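Here the structure is laid out as structure tokens; the discussion comes afterwards.
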Amino acid sequence: NGPGYTGASNAQPAGPKKYPHEPSNSEPAAGRPDLTHVDTEAPSYMQESLVPTKSESHGGEDVGIWATGPGSAAFRGTLEENVIYHVIVQATPRLRERLCKAGTCDSAGVPVELPQS
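Listed below in structure tokens is the structure:
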């Protein structure tokens, strides 16, 4: 892959994860668009999607979360979304116990695998 090549390349610049709130779409291009000379930070930039939608599905930002009680000290500052599950499990002994009974914990009693449905 090189400049101008629109093949399946993960080396092209990534676009923002914010989507407009008004319905809007354009005709699909053949292959991935070349974003080398596109300002993906511009407010008018449209992130490509598989299916045109009428509203935003997810912005990709971290979420606001507030907590009180046991374990609430872990909810301070900025947390990645994937951390929230682990903090809740560690702050809830009955939930942690149930997960360990399901075989998802290590020898220290810390869940290290997601439960299987």
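Quick note on full-length UniProt numbering: the sequence shown kicks off at 1 and runs consecutively. Just so you know, even glycine gets a beta-carbon here, dropped at the ideal spot from N, CA and C. Predicted, not measured: the structure shown is a model, and the values here were computed from it.
Residue i versus residue j: straight-line alpha-carbon distance, rounded
i	j	result
residue 112	residue 71	18 Å
residue 93	residue 38	50 Å
residue 66	residue 105	27 Å
residue 85	residue 95	11 Å
residue 91	residue 99	13 Å
Three-state secondary structure (DSSP) of residue i
i	result
residue 43	coil
residue 33	coil
residue 111	strand
Proximity test, Cβ basis, 7 Å: residue i and chain B
i	result
residue 47	Structure shown: chain B not included; a single protein chain is present.
Given residue i as reference, the closest of the options once Cα atoms are compared
i	options	result
residue 64	83, 95 and 98	83
residue 49	41, 43, 36 and 32	32
**OP:** Write down every uninterrupted run of the alpha helix (DSSP H) in the stretch 62-103 whose length is 4 residues or greater and which is fully enclosed by it, in chain order.
**Re:** 81-91 and 93-101
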